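Each residue of the sequence shown is one higher than the last, beginning at 15 in the numbering used here.
Take a look at the structure below.
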Amino acid sequence: MTTASDPSYPAHWEADVVLRDGGTARIRPITTEDAGRLVSFYEQVSDESKYYRFFAPYPRLSDRDVHRFTHHDYVDRVGLAATIGGEFIGTVRFDRIGPDGRPASAPADEAEVAFLVQDAHQGRGVASALLEHIGAVARERGIRRFAAEVLPANTKMIKVFTDVGYQQKRSFEDGSVHLTLDLEPTAESLAVQRAREQRAEARSVQRLLAPGSVAVIGVSRSGSGVGAATLRNLRDGGFHGHLYAVNEARAPGMEGDLLDGVRAYRTVADIGAPVDLAVIAVPAGRVPDAVAACGEHGVQGLVVLSAGYGESGPAGLARQRELVRQVRSYGMRLIGPNAFGVINTAADVELNASLAPAPATARGRIGLFTQSGAIGIALLSGLLRRGEGLSSFVSAGNRADVSGNDILQYWYEDEATDVALMYLETLGNPRKFTRLARRTAALKPLVVALGGRHTPAGHVVTGTRLPEATVSELMRQAGVIQVDTVTELVDVGRLLAGQPLPAGPRVAILGNSESLGVLTYDACLTEGLRPAPPLDLTTAATPEDFRAALTAALASDDCDAVVVTAIPWVGERALADDLAEALRQAVAEVPGKPVAVVHVELGELVEALSAARATAPAATQPPPAPAPAGAPRDRAPAPSRTPAPGGRIPAYPAAERAVKALAEAVRHAQWRRANADAGHVPEYEDIDESGAAAQLTALLAGVPEGAALTLDEPEARELLARYGIRVLPTLPAPSADAAVRAARILGYPVALKTTAPHLRHRADLGGVRLDLTTEAELRRSYEELTEALGKPAELLPVVQTMAPRGVDTVVRSVVDTAAGAVLSFGLAGVPSELLGDTAHRLVPVTDRDAAGLIRSLRAAPLLFGWRGSDPVDTPALEELLLRLSRLVDDHPEVTGISLEPVVVATEGLSVLSATVRVAHPPARTDLGPRTLPSY
Numbered sequence: 015m016t017t018a019s020d021p022s023y024p025a026h027w028e029a030d031v032v033l034r035d036g037g038t039a040r041i042r043p044i045t046t047e048d049a050g051r052l053v054s055f056y057e058q059v060s061d062e063s064k065y066y067r068f069f070a071p072y073p074r075l076s077d078r079d080v081h082r083f084t085h086h087d088y089v090d091r092v093g094l095a096a097t098i099g100g101e102f103i104g105t106v107r108f109d110r111i112g113p114d115g116r117p118a119s120a121p122a123d124e125a126e127v128a129f130l131v132q133d134a135h136q137g138r139g140v141a142s143a144l145l146e147h148i149g150a151v152a153r154e155r156g157i158r159r160f161a162a163e164v165l166p167a168n169t170k171m172i173k174v175f176t177d178v179g180y181q182q183k184r185s186f187e188d189g190s191v192h193l194t195l196d197l198e199p200t201a202e203s204l205a206v207q208r209a210r211e212q213r214a215e216a217r218s219v220q221r222l223l224a225p226g227s228v229a230v231i232g233v234s235r236s237g238s239g240v241g242a243a244t245l246r247n248l249r250d251g252g253f254h255g256h257l258y259a260v261n262e263a264r265a266p267g268m269e270g271d272l273l274d275g276v277r278a279y280r281t282v283a284d285i286g287a288p289v290d291l292a293v294i295a296v297p298a299g300r301v302p303d304a305v306a307a308c309g310e311h312g313v314q315g316l317v318v319l320s321a322g323y324g325e326s327g328p329a330g331l332a333r334q335r336e337l338v339r340q341v342r343s344y345g346m347r348l349i350g351p352n353a354f355g356v357i358n359t360a361a362d363v364e365l366n367a368s369l370a371p372a373p374a375t376a377r378g379r380i381g382l383f384t385q386s387g388a389i390g391i392a393l394l395s396g397l398l399r400r401g402e403g404l405s406s407f408v409s410a411g412n413r414a415d416v417s418g419n420d421i422l423q424y425w426y427e428d429e430a431t432d433v434a435l436m437y438l439e440t441l442g443n444p445r446k447f448t449r450l451a452r453r454t455a456a457l458k459p460l461v462v463a464l465g466g467r468h469t470p471a472g473h474v475v476t477g478t479r480l481p482e483a484t485v486s487e488l489m490r491q492a493g494v495i496q497v498d499t500v501t502e503l504v505d506v507g508r509l510l511a512g513q514p515l516p517a518g519p520r521v522a523i524l525g526n527s528e529s530l531g532v533l534t535y536d537a538c539l540t541e542g543l544r545p546a547p548p549l550d551l552t553t554a555a556t557p558e559d560f561r562a563a564l565t566a567a568l569a570s571d572d573c574d575a576v577v578v579t580a581i582p583w584v585g586e587r588a589l590a591d592d593l594a595e596a597l598r599q600a601v602a603e604v605p606g607k608p609v610a611v612v613h614v615e616l617g618e619l620v621e622a623l624s625a626a627r628a629t630a631p632a633a634t635q636p637p638p639a640p641a642p643a644g645a646p647r648d649r650a651p652a653p654s655r656t657p658a659p660g661g662r663i664p665a666y667p668a669a670e671r672a673v674k675a676l677a678e679a680v681r682h683a684q685w686r687r688a689n690a691d692a693g694h695v696p697e698y699e700d701i702d703e704s705g706a707a708a709q710l711t712a713l714l715a716g717v718p719e720g721a722a723l724t725l726d727e728p729e730a731r732e733l734l735a736r737y738g739i740r741v742l743p744t745l746p747a748p749s750a751d752a753a754v755r756a757a758r759i760l761g762y763p764v765a766l767k768t769t770a771p772h773l774r775h776r777a778d779l780g781g782v783r784l785d786l787t788t789e790a791e792l793r794r795s796y797e798e799l800t801e802a803l804g805k806p807a808e809l810l811p812v813v814q815t816m817a818p819r820g821v822d823t824v825v826r827s828v829v830d831t832a833a834g835a836v837l838s839f840g841l842a843g844v845p846s847e848l849l850g851d852t853a854h855r856l857v858p859v860t861d862r863d864a865a866g867l868i869r870s871l872r873a874a875p876l877l878f879g880w881r882g883s884d885p886v887d888t889p890a891l892e893e894l895l896l897r898l899s900r901l902v903d904d905h906p907e908v909t910g911i912s913l914e915p916v917v918v919a920t921e922g923l924s925v926l927s928a929t930v931r932v933a934h935p936p937a938r939t940d941l942g943p944r945t946l947p948s949y
């Protein structure tokens with residue numbers, strides 16, 4: 015008998031998942047304690063669904079059935095249940111079978127699988143989620159194929175199997191459809207899984223941002239406090255749905271009376287109508303009761319403003335974990351705790367469930383996500399002050415459930431969002447973030463400011479151990495525009511939201527100040543742009559002069575962007591309005607290139623330029639009539655996305671800020687062009703993947719879980735050779751005579767070097783002698799080495815075949831628990847280490863990634879014929895990178911590889927030394943079934 019507390023219970027199979035409609039469910043193994051739940055579940059299934067499951071009328075389960083379906087060994091017989099509120103909504107089980115179709119044990123690698131989903135929950139993707147998880151369990155238990163018998167009329171279940179993306183066979187036997195599924199993940203099955211993940215997570219966020227009804231729990235009668243402030247913001251912001259206030263202190267019998275103009279109730283249960291979103295603003299100790307009330311009422315999502323959780327220490331962190339477990343047990347999603355709130359400016363929603371005073375920022379094309387409430391306030395204020403609007407805003411606080419990754423999934427398909435801005439303190443899951451970021455950045459710019467260097471209290475998702483510079487480079491690889499400050503986040507976002515992407519780095523500069531033009535010119539050079547000499551219109555320039563000059567610059571084939579500089583006239587405000595209108599006319603006359611303005615003490619110009627909306631409605635709609643308190647307002651039609659003439663031209667008070675924003679736009683446009691073709695991972699016929707797997711299995715046979723093993727030289731050389739990576743052989747030289755014998759075996763010329771840890775890869779300390787062509791030279795070098803550095807037992811000298819001359823490089827791979835496998839490349843030597851001149855790519859790398867990895871070094875010219883030297887064989891180097899990437903990607907047991915040095919010659923390359931570390935493979939959450947982070 016197995017219970018959830020039994021040591022044999024596979025707790026790691028438990029998972030929370032997001033379903034197709036955005037709700038959540040918990041998937042877990044079925045235990046002997048679930049008999050009552052199973053019977054209750056079966057009673058709620060329709061007769062038709064029972065018939066499809068058992069191929070005959072089956073009105074109730076017998077005691078024998080209940081025993082069979084709740085007693086499993088979790089090896090040959092496994093059952094999983096999807097639960098909401100502790101009750102079953104769907105089940106799946108497999109039974110291992112032999113070639114004759116009868117029950118069997120390992121090594122039999124096929125199992126019969128069957129599902130049953132409660133009718134009320136069919137169509138929510140429950141069966142698809144269960145199939146992903148039972149498939150992962152089967153692979154873990156050595157099962158490679160599923161067999162299923164399905165009635166032809168059961169088209170829903172047939173579709174579940176056929177849509178999963180696994181290789182499969184289908185036949186029709188004895189009146190039923192026989193399906194066989196190969197459980198080995200394929201590119202198609204992974205694509206299907208990620209597409210389902212995207213739709214489900216986007217839908218879960220949409221339910222939070224576009225509710226039909228909202229209840230604020232914790233509204234004081236005095237009108238003070240967080241709850242009352244949020245209620246006012248919702249009311250005054252013009253929310254279009256039903257709005258309710260909940261105040262437990264209200265006297266019985268007063269339900270439905272007005273509180274601050276909104277219908278108020280003692281509890282959520284008293285509302286008597288559906289509630290889609292609840293905003294909880296009560297002390298942390300009362301939150302569990304509020305969550306339970308919401309769950310019982312069928313609330314879809316929560317925004318918890320209450321503090322006193324992970325940010326307050328270990329006790330608060332434990333309270334936060336319990337909050338997430340409770341919320342998910344009811345199938346809800348959570349923003350917070352310690353959140354600032356959410357805003358959705360869509361014309362048919364107008365939701366301001368936040369602490370930002372109403373009216374909130376205007377409707378616009380920027381989506382904003384922050385982990386910090388204080389930073390959220392600053393960003394909202396900065397955007398509003400500059401006339402920018404938002405499509406949506408989420409301040410997730412401790413982001414115990416909904417995270418930046420969820421918001422990216424939503425923005426990816428949100429037509430109201432053109433630019434995504436994110437302030438992050440941790441990445442949580444960099445592997446998933448970079449995957450989602452690459453996909454999003456291909457459609458709309460993604461600008462990120464990283465505000466934390468380590469995982470802060472309250473952010474319980476494990477952070478990455480990778481250096482900050484490495485994480486930044488991986489983000490740039492994914493198309494993320496990373497900035498250093500909140501100011502830069504706003505600056506770059508404003509330009510991208512109002513202006514098109516530039517076609518190249520050529521910049522025209524014009525204005526009425528020669529000095530300001532020169533400052534802008536210098537800033538362009540600093541940012542790697544190609545500015546033309548500034549055009550000085552002189553201080554006497556009129557708005558018409560600006561219009562004519564800007565029109566000419568935009569029409570020129572010699573520039574890709576324009577920066578306009580302006581200093582004050584000795585005159586009136588009207589001149590600023592006239593100049594703004596002149597610039598807009600020029601942009602409208604010659605569209606297609608970005609324009610930015612640098613001004614000095616011209617605040618009126620900023621206001622005038624902000625008056626133009628990048629995507630203003632084609633026609634102004636009259637405001638809807640006021641609705642009764644608590645009732646929804648009439649839905650207004652969504653605004654047109656027709657750009658206003660001239661768009662919104664961003665203005666900056668410093669040349670450096672304008673040019674920085676423009677440079678980021680240039681680099682992002684270049685990334686898009688370069689990544690139009692993502693490249694491919696090449697196949698090599700000489701790779702022995704199965705042989706490498708067998709070797710790793712043998713090597714790790716005696717290694718305990720959690721421990722790592724560094725391979726000795728012959729083992730490392732053998733493993734690398736299976737992937738076509740040849741390491742030059744070395745022979746030990748414990749004495750001069752042994753060195754001579756080794757040289758005779760390898761053949762002259764040879765190299766003599768030490769391998770002691772403190773001297774390894776330190777040619778600057780004199781531990782290497784090269785191009786030894788005779789026995790006499792070898793003996794003399796051996797004597798010099800031992801006299802200068804120590805005894806042979808300390809130096810561990812070796813003799814190696816001499817490699818052709820070339821450029822010394824270093825290739826490494828390391829597996830980070832959060833980011834996954836990372837491939838790194840740099841030139842060997844102290845200068846490169848001191849300057850941090852190393853490039854990184856996530857594994858697996860494509861042929862384009864490998865080429866870019868080599869060329870992204872600052873010292874890359876040394877590989878391509880710098881100062882008349884011969885260029886080295888970079889195609890051979892790219893192939894080495896691709897082969898090493900394949901090895902690490904194919905075998906997660908390989909946790910670290912260092913090839914140092916790799917000497918790249920004019921023809922070919924030589925790997926002189928290799929270090930390989932292996933361990934039992936960690937869980938690969940990106941390849942496993944969909945699951946929410948566990949806490």
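Idealized CB from N, CA, C, for every residue including glycine.
Remember, predicted model here, so these are calculated numbers, not experimental data.
For a cut-off of 8 angstroms, the C-beta gap from L33 to V174 is around 14 angstroms, too long to register as a contact.
T711 has its alpha-carbon roughly 55 angstroms from the corresponding atom of V673. With respect to V433, P459 sits close: the two C-beta atoms are nearer than 8 angstroms.
Below 8 angstroms, too few C-beta pairs join the segment 486–501 and the segment 520–533 to call them touching: fewer than three. Less than 8 angstroms divides the Cβ of L382 from the Cβ of L393. Here I739 is buried: its Cβ has 16 or more other Cβ atoms, across all protein chains shown, within 10 Å.
Close CB contacts of S142 within its chain, under the 8 angstroms cut and outside five residues either way in sequence, are with R34, V174, D177, V178 and R210 (chain order).
Judged by their CB atoms, L809 and S795 are not nearer to each other than the 8 angstroms cut-off. DSSP, reduced to helix, strand and coil, places H81 within a helical segment of the structure shown.
Around the Cβ of S827, a 10 Å sphere holds 16 or more other Cβ atoms; the residue is buried. Distance from L543 to V521 at the Cβ level is roughly 5 angstroms; contact confirmed, criterion being Cβ atoms closer than 8 angstroms. Around the CB of V844, fewer than 16 other CB atoms lie within 10 Å, so the residue is classed as exposed.
A distance of 8 angstroms or more separates the beta carbons of P858 and E146. The residues I357 and L382, in chain order, have a CB closer than 6 angstroms to that of F407 in the same chain once the five nearest residues on each side in sequence are set aside. DSSP places S343 inside the alpha helix (DSSP H), whose first and last residues are P328 to S343. Under DSSP, R159 forms a beta bridge with E124 and D196. Assignment of A259 by DSSP, reduced to helix, strand and coil, places it in the strand class.
The C-alpha of P696 is placed about 56 angstroms away from the C-alpha of L551.
Secondary structure at F383: strand, using DSSP grouped into helix, strand and coil.
Classified as buried, H254 has 16 or more neighbouring CB atoms from the shown chains inside 10 Å of its CB. Look at G50 here: in three-state DSSP terms it is helix.
Under the DSSP assignment, E325 falls outside any beta strand (DSSP E); it carries neither an H nor an E label.
For H311, the three-state secondary structure derived from DSSP is helix.
For the segment 811–882, the continuous alpha helix (DSSP H) assignments of 4+ residues that do not extend past its boundaries occur at 844–849 and 861–869, in sequence order.
Contact check for F108 against V89 fails: the beta carbons are separated by 8 angstroms or more. Distances from the alpha-carbon of A853 to those of L895, A456, A307 and V812 put L895 closest.
Here H256 is buried, its C-beta having at least 16 other C-beta atoms within 10 Å. The Cβ atoms of G345 and I523 lie no closer than 8 angstroms to each other.
For R40, same chain residues with a beta-carbon under 6 angstroms away, outside a window of 5 residues either side, are D30 and T97 in chain order. The straight-line gap separating the alpha-carbon atoms of V260 and Q340 is approximately 20 angstroms. If you look at F407, you'll find it isn't in any alpha helix (DSSP H); it sits in the beta strand (DSSP E) that goes L404 to S409. With at least 16 other beta carbons inside 10 angstroms of its own, R342 counts as buried.
Counting of Cβ neighbours within 10 angstroms places K805 among the exposed residues, the total staying below 16. Per DSSP, reduced to three states, the secondary structure at F55 is helical. In the three-state DSSP reduction, K607 falls in the coil class, being neither helix nor strand.
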